[in-house]
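If you want my numbering, it's the 1-based position in the sequence shown plus 126.
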Amino acid sequence: MTVRLVVVVRRLSFADGIGGLERAAGEHARSLAERGVPVTIVTDRRSMRGDPPAGIDVLDVPWPRFDRYKALSTFGLAYQLWVTRVAKALATSGNGRGVLHLHGASAGVLRHRAIQDAFPTTIVNPHGMEEFGRFSLLRVPNRLFTRHLARGSAHARWVIATDAGLQDAVTRNLRVPPERVALIPNAVDVDALRALDAGGTRPAEFTIVSVGRLVHNKGFDLLADALARPDVREALPEGYRWRHYGSGPDAERIVAKAHAARVPLEIASGRSDAEVQTAVAGASLFVQPSRYEGSSLTTLEAMAHGRLIVGTPVGGIPDKIEDGVTGILAEAATADAIGDALQRAMGSDPETLGTNARALVDGRFSLAAAADAYLALYEQDGAVG
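Pasting the structure below:
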């Protein structure tokens, strides 16, 4: 195969304990390297988790050292500077004429004309586009920078929508014509996920599991409010518990809210992928209560384990959860709607919904399916010889 792939991403992971974009970028690179595609990853090597697999080289572009303290709101400025460094590194690296694939706001690299000229095939995967969602005033400086960088996508040959429900958001937020948007779902390594499940004794009590950063967009406070409703508490089995895997700035507030309402919440942070996947595989119910979401890899992970799932109708979640078929979809991203969905989940057939969810992931959201789709896109654009 004559195509050469250059992947640009601020951070990525080939190991445990990092977010969805970072894992998706790592899986994307690995799956294509396993197909024989030579891959070069351009990233800050210090922040990379795990070692790159065979067939993957790393071009190290260090992240600016001044961006150390969140309170200073220097992230956006640091991202802008890093993107400029990446453009300079690519211009002198000899990697031109291949496929340039940019994740997230690294799309800003395409604002440099020399990069547009060097790479005939350029692809951006913007992922969740959180910079276009709601955010606090404290984040305004950072979000202005990252929005500007993300809109470098307008110079790409192709922009990826990871779910059908995100196609309109991609064209609107990034100002990209619909004909240059390609639908390729983010994928999960279903075999690896299932292998991480240690099995053993499952929890005796009914266990609700959730996974993710404890931040406003993820909506875990909405789940706490939903579980506080007397009618929801009555619908759930006596002695149930809610176990959350993840940390974040909203942790203390959500714990206080849950405890005040006698919601049995436990938070487990800093756990390995094996611990998290074992918990998800053993969950009685998995809940994704997001206010704003990208593709939602955590939803896919729960589906890969065949769990009963409740999710909100945001981002890519509706492309995965068909209400009453592969899970229970709340009518809105509100505490009341999530509470109603929890009650409906208790009256559903978890075995059937879980089996359907697992089959959907195996067929549409596996790494093999994503690799096939990317190779077809490269071939369509004449990048595969």
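Ideal Cβ placement from N, Cα and C applies to all residues, glycine included. Everything numeric in this text was worked out from a predicted model, so none of it was measured.
Rounded Cβ spacing between residue 213 and residue 272 (contact assumed at less than 8 Å):
About 16 Å separates the two Cβ atoms, so there is no contact after all.
Where the alpha helix (DSSP H) through residue 154 begins and ends:
Annotation: the continuous alpha helix (DSSP H) that includes residue 154 extends over 146–159.
Could you tell me which residues DSSP pairs with residue 368 in its beta bridges?
334 and 391, per the DSSP bridge assignment.
Simplified DSSP state of residue 342, which is helix, strand or coil:
Looking at residue 342 - three-state DSSP - the assignment turns out to be helix.
Cα separation between residue 324 and residue 280?
So the alpha carbons of these two residues sit roughly 45 Å apart.
With a cut-off of 8 Å, do at least 3 Cβ pairs link the stretch 334–343 to the stretch 445–458?
The stretch 334–343 is not in contact with the stretch 445–458.
Quick check: what's the CA-CA separation for residue 186 versus residue 133?
Residue 186 and residue 133: Cα-Cα distance of roughly 12 Å.
If residue 404 sits next to residue 486, beta carbons under 8 Å apart, how far is it from one beta carbon to the other, in whole angstroms?
Rounded to whole angstroms, the Cβ separation of residue 404 and residue 486 is 22 Å, and the two are not in contact under 8 Å.
Measure the alpha-carbon distance for residue 288 versus residue 313 and round it to whole angstroms.
Distance between the alpha carbons of residue 288 and residue 313: 9 Å.
For residue 270, count the other beta carbons within 10 Å of its own beta carbon; 16 or more makes it buried, fewer makes it exposed. Which is it?
So residue 270 counts as exposed.
Cut-off 7 Å between Cβ atoms - residues of its own chain near residue 176, not counting five sequence neighbours on either side
Correct list, in chain order: 139, 140 and 141.
Counting pairs of Cβ atoms below 8 Å between the stretch 381–399 and the stretch 347–362, do you hit three or more?
Inter-segment contact for the stretch 381–399 and the stretch 347–362 is present: three or more beta-carbon pairs are separated by less than 8 Å.
7 Å CB neighbourhood of residue 491 in its chain, flanking five on each side removed:
Within its own chain, the residues whose Cβ lies closer than 7 Å to the Cβ of residue 491, once the five positions on either side in sequence are excluded, are 311, 313, 314 and 426, listed in chain order.
Compare the beta carbon distance of residue 412 and residue 334 with 9 Å and say whether it is the shorter of the two.
Cβ distance < 9 Å, so residue 412 and residue 334 count as in contact.
Cβ atoms of residue 184 and residue 130: under 9 Å apart, would you say?
Contact: no.
Mind checking whether residue 203 and residue 188 have CB atoms under 9 Å apart?
Inclusion of residue 203 and residue 188 in the CB contact set at 9 Å is not warranted, their separation being larger than that value.
Could you check what DSSP says for residue 312 in three-state terms: helix, strand or coil?
In the structure shown, residue 312 sits in coil (DSSP, three-state: anything other than H, G, I, E or B).
Uninterrupted alpha helix (DSSP H) stretches inside the stretch 223–248 (no shorter than 4 residues):
You should have 239–244.
Could you give the DSSP three-state label for residue 172: helix, strand or coil?
If DSSP states are grouped into helix, strand and coil, residue 172 belongs with the helices.
Tell me residue 515's beta-bridge partners as DSSP assigns them.
This structure does not reach residue 515, given that the chain is present from 127 up to 511, and the question cannot be answered.
Which whole-angstrom value describes the C-beta separation of residue 464 and residue 348, a residue pair presumed to lie in contact below a C-beta threshold of 8 Å?
Indeed, because the Cβ distance is near 6 Å, the residues count as touching under 8 Å.
Can you check the stretch 407–482 for any beta strand (DSSP E) of at least 3 residues that lies completely inside it and give the ranges in chain order?
The qualifying runs are 411–414 and 435–437.
If you draw a straight line from the C-alpha of residue 488 to the C-alpha of residue 192, how long is it?
Taking the straight line joining both Cα atoms gives about 43 Å.
Determine whether the beta carbon atoms of residue 299 and residue 151 lie at a separation below 9 Å.
No, the pair does not count as a contact, with Cβ atoms beyond the cut-off.
Straight-line gap, residue 511 to residue 283 (C-alpha atoms, nearest Å)
Caution applies to residue 511, whose pLDDT of 49 falls short of 50 and renders its modelled position unreliable; the value that the coordinates give is listed next. Those two C-alpha atoms are separated by around 18 Å.
How would you call residue 195, buried or exposed, if buried means at least 16 neighbouring beta carbons within 10 angstroms?
So residue 195 ends up on the exposed side.
At what residues does the beta strand (DSSP E) containing residue 133 begin and finish?
In the DSSP annotation of this structure, the continuous segment of the beta strand (DSSP E) that includes residue 133 starts and ends at 131–134.
Label residue 424 either buried or exposed according to how many other C-beta atoms from any shown protein chain fall within 10 Å of its C-beta, with 16 as the threshold for buried.
Classification for residue 424: buried.
Skipping 5 residues on each side, what residues in its chain have a beta carbon closer than 7 Å to that of residue 470?
Answer for residue 470: 454, listed in chain order.
So, are the CB atoms of residue 240 and residue 217 less than 9 Å apart?
Between residue 240 and residue 217, the gap from beta carbon to beta carbon is short of 9 Å.
For residue 166, does the three-state DSSP call read helix, strand or coil?
It is a strand residue.
Collapsed DSSP secondary structure at residue 251 in the structure displayed:
Strand, per DSSP.
Our contact map puts residue 432 next to residue 365 with C-beta atoms below 8 Å; I'd like the distance itself, whole angstroms only.
The C-beta distance from residue 432 to residue 365 rounds to 24 Å, too long to fall under 8 Å, and the pair is not in contact.
Between the CA atoms of residue 391 and residue 416 - distance to the nearest angstrom
The straight-line gap from Cα to Cα measures roughly 18 Å.
Residues near residue 513 in its chain [Cβ-Cβ closer than 7 Å; skip 5 each side]:
The first residue shown for the chain is 127 and the last is 511, placing residue 513 beyond what the model contains.
I'd like to know whether the C-beta atoms of residue 67 and residue 320 end up nearer to each other than 9 Å.
Look at the range of the chain in this structure, 127 to 511, and you will see that residue 67 is not part of it.
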